[in-house]
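Numbers given in this note's numbering equal positions in the sequence shown, counted from 1, plus 2.
Scroll down for the structure; my scribbles are underneath it.
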Amino acid sequence: MKGKYVVSALLAAVVSLAAFAEVTSLRGAQEIGETNAVAPIKPVPKMQDKLALEFVHQPPLIPHSTEMVQINPSNNGCLQCHDVDKYRRTGAPRVSPTHYMDSNNKILSDVAPRRYFCLQCHVSQADAAPLVENTFKPAGKFGQ
3 MKGKYVVSAL LAAVVSLAAF AEVTSLRGAQ EIGETNAVAP IKPVPKMQDK
53 LALEFVHQPP LIPHSTEMVQ INPSNNGCLQ CHDVDKYRRT GAPRVSPTHY
103 MDSNNKILSD VAPRRYFCLQ CHVSQADAAP LVENTFKPAG KFGQ
């Protein structure tokens, strides 16, 4: 019985020492309470020419700002211009027919739930430098 108390006391001492160990940040020498300087966000022009696609099945980039476009479970602002019954009137590109198919390729009358949140795949295009160096090259005839 005495051995259990000794082991428990030693374990408590080790745990308390570990609790007092210096906390180190993954940020390096920067103090934990400090905030990083944030790089300015590149502005997205209101309208611009479409950029070429870089690879097969690349979701097209959005040539306008999406800052004020509301997308939630009850409203998709993109569909106000791009839906099949509205794109001719607005002059916007039509939503792809694949967006009206469910996972079993059954044609639906509305955009499929898995394709409803446009900004999961489509992003606003901006003329910004790459964040990291890469050696990506467009596939075949793409990117021209």
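Built from N, CA and C at the ideal position, the CB exists for glycine as well.
Three-state secondary structure (DSSP) of residue i
i	result
S67	coil
S111	coil
S10	helix
S76	coil
S126	strand
Outcome for residue i when other beta-carbon atoms lying within 10 angstroms are tallied against a minimum of 16
i	result
C123	exposed
I64	buried
V97	buried
H84	buried
Nearest candidate by alpha-carbon position, reference residue i, set the options
i	options	result
Y102	A114, S18, Y89	A114
D129	K52, E135, A31	K52
_Segment contact, 8 Å Cβ cut-off, at least three pairs: the stretch 77 to 97 with the stretch 112 to 119_ = yes
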